[in-house]
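Whatever position you read off the sequence shown (first residue = 1), add 338 for my numbering.
This report refers to the structure that appears directly beneath it.
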Amino acid sequence: MVPELSDGEVRILKCLGDAKRALEVSELAEHAGLSLSSVMSYLEALNQKGLVHLLVEDEGYLILTEEGRRYAEEGLPERRIAKRALDLGGRAALQEVRKAVELSDEELKIALGWIRRKGLGELVVLDGERVIKVRDVPAEDPVEEVLRRLARESKVRVKEVPSEVLSELKTRRLVSIVQQRRRFAALTERGLEALSKAQQVRVVGALTADLIKSGEWKSVYLKPYDISAEPPRVYPARKHFYVEFLDMVRRILVEMGFVEAEGPYVEMEFWNFDVLFQAQDHPAREIHDCFVLLEPSTGRLPQRELVEAVKRVHEAKWGYSWSEERASRLILRSHTTAVSARFLAKRPRPPVKMFCISKVFRPDVIDATHFIEFTQVDGIYGDRGVNLRTLLGVLQDFAQRLGFESVKFRPSYFPFTEPSVEGSVYHPQLGWIECLGAGMFRPEVLESLGIDYPVAAWGIGIDRLAMALLKISDIRELYSRDLRFLRTRAVVPQCPL
Numbered sequence: 339m340v341p342e343l344s345d346g347e348v349r350i351l352k353c354l355g356d357a358k359r360a361l362e363v364s365e366l367a368e369h370a371g372l373s374l375s376s377v378m379s380y381l382e383a384l385n386q387k388g389l390v391h392l393l394v395e396d397e398g399y400l401i402l403t404e405e406g407r408r409y410a411e412e413g414l415p416e417r418r419i420a421k422r423a424l425d426l427g428g429r430a431a432l433q434e435v436r437k438a439v440e441l442s443d444e445e446l447k448i449a450l451g452w453i454r455r456k457g458l459g460e461l462v463v464l465d466g467e468r469v470i471k472v473r474d475v476p477a478e479d480p481v482e483e484v485l486r487r488l489a490r491e492s493k494v495r496v497k498e499v500p501s502e503v504l505s506e507l508k509t510r511r512l513v514s515i516v517q518q519r520r521r522f523a524a525l526t527e528r529g530l531e532a533l534s535k536a537q538q539v540r541v542v543g544a545l546t547a548d549l550i551k552s553g554e555w556k557s558v559y560l561k562p563y564d565i566s567a568e569p570p571r572v573y574p575a576r577k578h579f580y581v582e583f584l585d586m587v588r589r590i591l592v593e594m595g596f597v598e599a600e601g602p603y604v605e606m607e608f609w610n611f612d613v614l615f616q617a618q619d620h621p622a623r624e625i626h627d628c629f630v631l632l633e634p635s636t637g638r639l640p641q642r643e644l645v646e647a648v649k650r651v652h653e654a655k656w657g658y659s660w661s662e663e664r665a666s667r668l669i670l671r672s673h674t675t676a677v678s679a680r681f682l683a684k685r686p687r688p689p690v691k692m693f694c695i696s697k698v699f700r701p702d703v704i705d706a707t708h709f710i711e712f713t714q715v716d717g718i719y720g721d722r723g724v725n726l727r728t729l730l731g732v733l734q735d736f737a738q739r740l741g742f743e744s745v746k747f748r749p750s751y752f753p754f755t756e757p758s759v760e761g762s763v764y765h766p767q768l769g770w771i772e773c774l775g776a777g778m779f780r781p782e783v784l785e786s787l788g789i790d791y792p793v794a795a796w797g798i799g800i801d802r803l804a805m806a807l808l809k810i811s812d813i814r815e816l817y818s819r820d821l822r823f824l825r826t827r828a829v830v831p832q833c834p835l
């Protein structure tokens, strides 16, 4: 049974039948008077019907390099030297010829080598001067011929160039070889039969009301649909999946009444440690626990009143001589609590509800669960009457909004909070995940900042929670830039609940 064919399909078959050979798709489009995209569509349909074979061939083409393009315009340097020497009687001083043809020292050296190799002449010394002697210069050089052809046609098939010429072109790096895929179509035996019995009908892709009313549906051919064919994959622009997750966290905190604040990655130890009542001889301030900048190495301390207040608290409570020089040292911040300190230094009126989502940096051995930079969510809640119970309620609310139903806390220690707790959330597959530290800012911190109301503070290693919720086992994948991996990630929902 010969399938019914559309007008375009019949035209394609006729072109292939007249040619009696396989035709390249571009050539077929020219003969059929159709666009390339239309021809490809018709060929795909004919191939599915078994009427044509589609063939793919990868073929090498030569294209000029910059040096090859210059030689195509000016000629090969050995031939230019030889011609100039021949014009001067077959013998000329080398330096004179070099100036005349304007060659660099490197080009001259290359040209002399090819003169000897091609038998165009020789270099001799006469009366202490180097002289080029030329016997004959052929009218044509096959290498120059290919270069000029490439200049005219932009590309030439590799198989059209003699092997010895191709070898010289490649050795001298005058050409590059690029691979180009060519598509051909040829009639099958069934295609020849179909061509002889072709019935041209109107092919439609949808049965419309007009076709039914007019009765025309009886004379048209309804194009069949292959419901097993997969549609092409489309990759629209989107945010990185981890950025989408952090945006979700940001929305949750805003819904809880917090405002977002930002701070610099490069921070002074003053904000990262001193304001938070960490002594200058504290182990966390050693070089192996934070990244120290070499240039510039120090920053400018804030207003004198705040600096004096911090100095006074440190010297009175810790009992040592506080150093402004040490406090001004620049580091990459090791926690976003430095942003909280900067925020409180502006002495906002209570209630104060602030959060920060940003990167922090700490030296570590990189593996599947450790990295030298990670994202931290930091927050503070300050108001008269705020206490530890208030803080635990806020953290439980946040965890549940994020999708973790069970949260537990246990006493802990942090240098700048007292009392302090560590919190864990429960994951059905992973069990309890330790992910947050929290507590009430110490009186010494609030005294330095001039704050006269209690402030609860908390910090969350959000990377760890993201890995659990997004089913990722390697922390490095959170920051991956591999498009193949990123395209496999599902879009993060607006809210997990």
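No residue lacks a Cβ here, since even glycine has one placed at the ideal position from N, Cα and C.
{"Asked": "8 Å CB neighbourhood of Phe823 in its chain, flanking five on each side removed", "Found": "Glu815"}
{"Asked": "Close-in-space but distant-in-sequence residues of the same chain around His620 (CB under 8 Å, 5 per side omitted)", "Found": "Phe611, Pro753"}
{"Asked": "Secondary structure, alpha helix (DSSP H): runs of 4+ residues fully inside the region 648-679", "Found": "662-665"}
{"Asked": "Inter-residue spacing [alpha-carbon to alpha-carbon] between Leu530 and Arg349", "Found": "13 Å"}
{"Asked": "For Gly428 and Glu416, the rounded distance between their alpha carbons", "Found": "14 Å"}
{"Asked": "Length of the line joining the Cα atoms of Gly775 and His673", "Found": "12 Å"}
{"Asked": "Whole-angstrom C-beta distance between Ala449 and Ile419, which should lie under 8 Å", "Found": "5 Å"}
{"Asked": "Which of helix, strand or coil DSSP assigns to Ile771", "Found": "strand"}
{"Asked": "Burial state of Gln641 (16 or more Cβ within 10 Å)", "Found": "exposed"}
{"Asked": "Residue ranges of each beta strand (DSSP E) within the region 372-404, 3 or longer", "Found": "390-402"}
{"Asked": "Buried/exposed call for Ile550, threshold 16 Cβ in 10 Å", "Found": "exposed"}
{"Asked": "Rounded separation between Ser534 and Ala828 - CA only", "Found": "52 Å"}
{"Asked": "The beta strand (DSSP E) enclosing Val715, as first and last residue numbers", "Found": "711-720"}
{"Asked": "Whole-angstrom distance between Thr526 and Tyr399, CA atom to CA atom", "Found": "30 Å"}
{"Asked": "Asp801 classed as buried or exposed, judged by whether at least 16 other C-beta atoms fall within 10 angstroms", "Found": "buried"}
{"Asked": "C-alpha gap between Ala795 and Trp609, whole angstroms", "Found": "15 Å"}
{"Asked": "Beta-carbon separation (whole angstroms), Arg520 vs Glu362, contact threshold 8 Å", "Found": "6 Å"}
{"Asked": "Residue interval of the alpha helix (DSSP H) (run including Trp452)", "Found": "443-456"}
{"Asked": "Option in Val604, Cys628, Phe629 with minimal Cα separation from Arg638", "Found": "Val604"}
{"Asked": "C-beta contact flag for Lys556 and Gly543 at 8 Å", "Found": "no"}
{"Asked": "Arg473 beta carbon less than 8 Å from that of Ala451", "Found": "The sequence given here has Gly at residue 451, not Ala. No. Outside cutoff."}
{"Asked": "Residues bridged to His765 (per DSSP)", "Found": "Gly769"}
{"Asked": "C-alpha distance - Pro781 paired with Leu631, whole-angstrom precision", "Found": "31 Å"}
{"Asked": "Complete beta strand (DSSP E) runs within the region 458-490 (minimum length 3 residues, chain order)", "Found": "459-464, 467-472"}
{"Asked": "Sheet register partners of Ile515 (DSSP bridge)", "Found": "Leu400"}
{"Asked": "Straight-line Cα distance separating Val462 from Gly406", "Found": "29 Å"}
{"Asked": "Integer-rounded CB distance, given that Ala523 should sit under 8 Å from Leu432", "Found": "Their Cβ separation, rounded to whole angstroms, is 59 Å, which puts Leu432 and Ala523 out of contact at 8 Å."}
{"Asked": "Backbone CA spacing between Leu424 and Val475 [nearest angstrom]", "Found": "8 Å"}
{"Asked": "Inter-residue Cα distance where the pair is Val793 and Glu598", "Found": "17 Å"}
{"Asked": "Cβ separation of Asp716 and Pro688, assumed to be a contact under 8 Å, to the nearest whole Å", "Found": "Actually they are not in contact, since the Cβ atoms of Asp716 and Pro688 sit about 19 Å apart, beyond 8 Å."}
{"Asked": "Supposed close pair Phe693, Leu591 - CB separation, criterion 8 Å", "Found": "5 Å"}
{"Asked": "Burial state of Ala567 (16 or more Cβ within 10 Å)", "Found": "exposed"}
{"Asked": "Exposure label - Tyr719; buried when at least 16 CB within 10 Å", "Found": "buried"}
{"Asked": "C-alpha distance - Glu478 paired with Lys421, whole-angstrom precision", "Found": "12 Å"}
{"Asked": "Residue span of the alpha helix (DSSP H) that contains Val732, given as start and end", "Found": "726-740"}
{"Asked": "Collapsed DSSP secondary structure at Thr546 in the structure displayed", "Found": "coil"}
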